[in-house]
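Single-structure report; data block below.
In UniProt numbering, the protein residues as written are 1 to 144.
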């Protein structure tokens, strides 16, 4: 399972609570048996972290979370498609003394770059991990 509450069991998609999926909205070109998480293209608009979060929630699902090494590899693969040296916002935030993924997943995987933990992490196109940036800096972002 991807940690998103949906998994393929015996050729049937099921919600984590055990309810069978009765309709779906697969990304064009993907089928119900395509494994993995579908990330939307990098958004080349430059927005603050909050603006990027609102954009993703309005037009997609959320800012991308990186809750496992598998998800990190999927995002690295997505980032490698774009010839840029800029960083992208991810859906991690430090609030009330703890790290939280905006989609509610538990914070159990970390991939910090050489810098200290920031309040609004982003992910480097150079694929070296997460970096420090002020939440008001305008960056590209990755939705899922």
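Beta carbons: idealized from backbone N, C-alpha and C, even for Gly.
Exercise. When DSSP labels each residue in this structure, what does residue 98 get in the three-state scheme?
Worked result: strand
Exercise. Are there 16 or more other CB atoms within 10 angstroms of the CB of residue 59, so buried, or fewer, so exposed?
Worked result: exposed
For this session: Buried or exposed for residue 67, please, with buried defined as at least 16 other CB atoms from any protein chain shown within 10 angstroms of its CB.
Result: buried
Problem set entry | Pair within 8 angstroms by beta-carbon distance, residue 86 and residue 138 | no
Exercise. Should residue 102 and residue 141 be called a contact, given that it needs their Cβ atoms to be closer than 8 angstroms?
Worked result: no
Problem set entry | Same chain, Cβ closer than 7 angstroms to residue 72, neighbours up to 5 away in sequence not counted | 66, 111
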